[in-house]
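Read in order, the letters of the sequence shown are residues 198 to 1232 in my numbering.
Here is the structure we will look at, set down as structure tokens.
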Amino acid sequence: MQQERMSASKYSKDLQCRSLHRLKRERPGDTSQISKVMFPHEVTKVLAAISSSTVPPDSKRPRLHSVPSTQSEKMGLKLSGRIPHMVLEECLKCTENGDKLGVLSRLREFFGEHLSVLSADSQFYCAKLLIQIASSSRIVTITNTCLLYALHICKSADMKQNIWDEIVTLMADDKDKKETGVFHRPAVYASLLALFEWALSEGLKIGQYIQEMNCMAEESVRSTDQNNRIAAINLFVTCLLKSKEQCSIQEFLWLEKLLSTMAEDRDSRVRIAAVKGLSAMATSGRLLSFSLYQQVKNLCENSSKIVRKEALYILKAFADYRPEMEVIGRNGAKLRLVDDAFAAVCHAINDVEVTVRAIAARLLGDFKQVSDSFLDQTLDKKLLNAMRMSKTRDGASKKPQAYGSRRRRSQATSEWSTGKKLGEDAPVERFDEEQASIISSGACGAFVTALEDEFMIVRQAGVYSLGQLAADRPFLAAAALDHLADMFNDEIEQVRLDAVRALTPLVVHGILQKEQLDTILTVLDDALPDSREALCVLLSRSTLGTPDCLRYVVKALLNCMRRFPIDRQSIFKCMSDLGRRHATFVQLLSDELLELHPVFDITEPAVDDQFYLAKLILILNAASAHDPICSLLPAFAVRHYKFLRCSMPLLVPTIEAFSDDSTSSTNNLSINKKLAEAGERTRALLERTYEMMQEASQSRSYQQRMIEKRLLIKDMNALCEGDEGVAGTAQLLSYLLKILTQCELTVKILSCGDDLQTALNAADEGLRLLECVGSNFSSVDKVMLATLEEFRFQLSILRLAALFDMKPGAYTNAAQLVEAEMIRFRERCQSLVVSPSQSTTEVLIGIERLFAATQAKKFISGSSLTALFQSHAVLLQKKFTSLGSISIKWAEIVEPSETPNEPLRFVVGLPLGISINILLHNFSKNDIFQFRIKTDYPDRSSILFCPRESEFKEISAQTYRLLCKVLVQADNLWSDSARVRFGCVLKSQQFMDVIPPLGSGFTRSSCIPLAESPFSNKQAAMEVLIQPIQAKASC
198 MQQERMSASK YSKDLQCRSL HRLKRERPGD TSQISKVMFP HEVTKVLAAI SSSTVPPDSK
258 RPRLHSVPST QSEKMGLKLS GRIPHMVLEE CLKCTENGDK LGVLSRLREF FGEHLSVLSA
318 DSQFYCAKLL IQIASSSRIV TITNTCLLYA LHICKSADMK QNIWDEIVTL MADDKDKKET
378 GVFHRPAVYA SLLALFEWAL SEGLKIGQYI QEMNCMAEES VRSTDQNNRI AAINLFVTCL
438 LKSKEQCSIQ EFLWLEKLLS TMAEDRDSRV RIAAVKGLSA MATSGRLLSF SLYQQVKNLC
498 ENSSKIVRKE ALYILKAFAD YRPEMEVIGR NGAKLRLVDD AFAAVCHAIN DVEVTVRAIA
558 ARLLGDFKQV SDSFLDQTLD KKLLNAMRMS KTRDGASKKP QAYGSRRRRS QATSEWSTGK
618 KLGEDAPVER FDEEQASIIS SGACGAFVTA LEDEFMIVRQ AGVYSLGQLA ADRPFLAAAA
678 LDHLADMFND EIEQVRLDAV RALTPLVVHG ILQKEQLDTI LTVLDDALPD SREALCVLLS
738 RSTLGTPDCL RYVVKALLNC MRRFPIDRQS IFKCMSDLGR RHATFVQLLS DELLELHPVF
798 DITEPAVDDQ FYLAKLILIL NAASAHDPIC SLLPAFAVRH YKFLRCSMPL LVPTIEAFSD
858 DSTSSTNNLS INKKLAEAGE RTRALLERTY EMMQEASQSR SYQQRMIEKR LLIKDMNALC
918 EGDEGVAGTA QLLSYLLKIL TQCELTVKIL SCGDDLQTAL NAADEGLRLL ECVGSNFSSV
978 DKVMLATLEE FRFQLSILRL AALFDMKPGA YTNAAQLVEA EMIRFRERCQ SLVVSPSQST
1038 TEVLIGIERL FAATQAKKFI SGSSLTALFQ SHAVLLQKKF TSLGSISIKW AEIVEPSETP
1098 NEPLRFVVGL PLGISINILL HNFSKNDIFQ FRIKTDYPDR SSILFCPRES EFKEISAQTY
1158 RLLCKVLVQA DNLWSDSARV RFGCVLKSQQ FMDVIPPLGS GFTRSSCIPL AESPFSNKQA
1218 AMEVLIQPIQ AKASC
């Protein structure tokens, strides 16, 4: 009894687990797992929906994924582990024998275990087997399943024309059999058409079967099965897009009429396919018939959201190609087509679907030819007089309107009497605005509705479109200022940033008043540095209304600099531009800004006071544009001007009143000429230095060569510190000199038979320098890159030679190791499309001769390899084309700016996030993927932290800002606080060593340090004091 109870309880628990597992698998998010255990006829439905969907041919379909073995065991599935083509061969035999259950079980096994993980070698063979099964089987479900499996394999494989011809031939072998031929079975037309439609989209030739596919598609269009109609539509559209030059006008009109008819189909999936086909035709370069315009406009009210989205795109295409066409709009009003389409898109802002509203809001910004009266209506939810029936298409203004015209029109549309006109308050008959308007009430205030939407994507699209339309329309820009300024208070930081950037080009068309500044200046309290920097750019281009507004802005900027010291440079730049644009206002505020007393002299402020410098930059820029300010400045301000003119020439311009008489008149005229002359002299200096490097490399005496190279390295370091424009080139030349030194040192030691370990260390140091050059510099020409590869090849071979001499019998595969280096060098030269130099070519020929001479011994001595480089040393190229344009990548750690005195304490075993703000200069898009932050702990352990891609933001050309939190963790309790070092590095594109460095302790570094400035080689790093503590026990 007890055993029976135990077995019964065990059985009940098993049932509960199975039921719970079934419920877990049937969750909406686990549909991919459900599909793995479907039967073939159920899989056919899923794959048919995927393949016959109206996704354009160039978009990616969802990929089928196999279930891992561990997950399959949990689900109770047992994988057979058989080879996929063996499963299909058994399935083909079952098909020939008429074993339906055997076919279905093997197809299920192939789908669950092999379909999504087929190797490239077995893909085409499996596709051919599936076609054979489809042709042999008389069961529609099996045929459709096999064809769809074959389609999935073709999409994931690199299909060639010859393979496709073989697949088509297999399907066409039995086309004469009307009962069993695949081409004569209407039930499988959808799968066949999907397969041939994919082939056409991939550019494969169908040849003689195109006419048969067209007949099949024409028959499928009249079918009652929606899958057949969808497949036929997709085939017709693909044929048109791939052969649009050969397509006649009659064929285009026939397909257009067919799609317009199918767009009214009872099935929403067919309507989606038809409308997407019309959208593809509209964007193919050929104009759709004007008769379709009203139908497309009505499709914007369709029940399917995808149909509504595609209809909006087609309306935009009509507006682009036929903007001046006259149409009959609402209530019989005659309108321009672009205005009517714009009104329809405005009405879509009120759609129930978020994606439709976002697309409509985005498309509004692309209507560049819309009339001004319609743009006015987008910012007012109340119907304006210009939108009433009294205003027709001829009365709508097409010209840019003057500033203030919108305010006059809005006053004229008021329902209240202004008292300025006789009989203005006379009673009139009430009328229905809907019956008297040329635009629907839902389209009024489209931008207001978009900016007030609850979803971020709609608000972002509205901000973008409003900024685009107002950029070249001053009247709209003045009206949009308030609306975009209100978006500065949005809860999403990206929306706030987009609003600031959209408003920046518009502020030149209006004047900012105190009420608008109250909203705009709130961005200076934003925690996001990009938003604050964008607002400084906006303020630098704006025009303020009164001196009080300027006082208000200056106070806000100083408070921002007090709270965020890292914004100092952007605030200085903003102050500079504000001073030049508001010189007369600054004259009224100069005494207040400098805190001057009307009677007594004040103490001279310190030059290192950042707040005083900000105000002085504002005043000096105003003085450069307004001379009377110069007489109001105290003597210390004049002295400070001369200091700032030297230290900050880009922020403080020349003031003639404070300059010497002899140079004041010619200073501004000759500055560009002096800069050009200085650039030419620097270029000549670099060219001369490069020539001296070549001469030093060709000197006969080894000692003389070393002395000359050391002197040149010293000169390059001095030049790097003195001129930022050539710092990158100077550092590269310094690296080249060091690499040349290491190459010569290695050859010298190996040829003399001295300490081989020293030679090995010299070669390793040269390879390390080459890695730094390859990662830290940009804009290097291909010829110099090829020269660097030759140095890399020389050092690699010399490194092998040192190892061969250190342990002569240890490397029985010496020839293979040398050959691997040769193959790597040749592949790199081919990728650069540069041929090796003559000396390197002679070395390659000499190595091949060594291979032939030592083929029987299978041994290569290191001395024989060294002798090749003694007679054929690698030299620098005669010309350095990219000289002077090379830039070095460097990182500027903005925050934290200094090491805190108090340690950061965190619980042992739990991570601590340390906020970091880094500016990456001279970086490309590919470089940010290689950027890492190296964390060095006191116990000499290191961790590379990889930031997310979304944490990098491009703020200017080749400059990125990284805002992230670096994770720090300690597994043990520390007795005291200690410093953790964070260094900026690049992940090395290191070449895998062909052999382990047995004779050397050298290990190739996985990261390359980044400099903290273009003038120095010091790594950009910072230190933070941390202390792991024990978690407090809870009561």
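Every residue gets a Cβ at the ideal spot worked out from N, C-alpha and C, and that includes glycine.
All figures in this text were calculated on a predicted structure; none of them were measured in a lab.
For GLN1035, the number of other beta carbons within 10 angstroms of its own is below 16, and it is reported as exposed. When DSSP reads this structure, TYR1157 sits in a beta bridge with LEU1117 and GLU1151.
The segment 1205–1219 and the segment 1080–1088 touch, with three or more beta-carbon pairs separated by less than 8 Å.
Assigned with DSSP and collapsed to three states, LYS711 falls in helix. Residue environment for CYS843: exposed (fewer than 16 other C-beta atoms within 10 angstroms of its C-beta). Ranked by Cα distance from THR1132, the first of ARG656, ASN1098, CYS1143 and VAL1177 is VAL1177. For GLU1209, the secondary structure class from DSSP, reduced to helix, strand or coil, is coil.
Counting other Cβ atoms within 10 Å of its Cβ, GLN574 reaches 16 or more and is therefore classed as buried. Per DSSP, the beta bridge partners of THR1132 are ILE1140 and PHE1179. Less than 9 Å divides the Cβ of VAL553 from the Cβ of LEU509. In this chain, VAL314 is not harboured by any alpha helix (DSSP H), its DSSP state being neither H nor E.
Taking all protein chains shown into account, ILE364 has 16 or more neighbouring C-beta atoms within 10 Å of its C-beta and is therefore buried.
One thing to note: SER739 has its Cβ within 9 Å of the Cβ of VAL704. With a beta-carbon spacing of about 7 Å, ALA557 and ASP548 fall inside the 8 Å limit used to define contacts. Taking the CA atoms as reference points, HIS837 sits about 7 Å from VAL804. Per DSSP, the beta-bridge partners of PRO1225 are PHE1103.
When the beta-carbon positions are compared, ALA541 and LYS506 stay at least 9 Å from each other.
Rounded to the nearest angstrom, the gap between the Cα atoms of MET522 and ASP537 is 10 Å. Excluding its 5 nearest sequence neighbours in each direction, LYS812 has C-beta neighbours in its own chain below 6 Å: LEU790, listed in chain order. The secondary-structure analysis by DSSP pairs GLN1216 across a beta bridge with ALA1208. For PHE808, the closest of GLN1166, VAL655, HIS311 and PRO762 by C-alpha to C-alpha distance is PRO762.
Taking a cut-off of 8 Å on C-beta distances, the segment 639–647 touches the segment 564–583, as three or more cross pairs fall below it. As the crow flies, the alpha-carbon of PRO1005 is around 23 Å from that of ILE1042. Cβ-Cβ distances below 7 Å link SER1082 to SER976 in the same chain, with the five nearest sequence neighbours on each side left out; the list follows chain order.
One Cα belongs to LEU786, the other to TYR749, and the distance between them is close to 11 Å. DSSP places ILE1090 inside the beta strand (DSSP E), whose first and last residues are 1087–1092. Secondary-structure assignment with DSSP links LEU532 through a beta bridge to VAL524.
Listed as beta-bridge partners of ILE1111 by DSSP are VAL1163.
When C-beta atoms of the segment 931–949 are compared with those of the segment 1137–1146, fewer than three pairs fall below 8 Å, so the two segments do not count as touching. Remark: fewer than three beta-carbon pairs, one from each stretch, lie closer than 8 Å, so the segment 963–973 and the segment 1072–1080 are not flagged as touching. Within the segment 972–1024, the runs of alpha helix (DSSP H) at least 4 residues long that lie entirely inside it are, in chain order, 979–1003. Counting the other CB atoms within 10 Å of its CB gives PHE797 a total below 16, which places it among the exposed residues.
Between the C-alpha atoms of ILE717 and GLU690 there is a straight-line separation of about 14 Å. For LYS1184, the beta-bridge partners assigned by DSSP are CYS1204.
When rounded, the separation of the alpha-carbon atoms in ASN359 and PRO1206 is 51 Å. Three or more beta-carbon pairs separated by less than 8 Å are not found between the segment 847–858 and the segment 885–905, which leaves the two stretches without contact.
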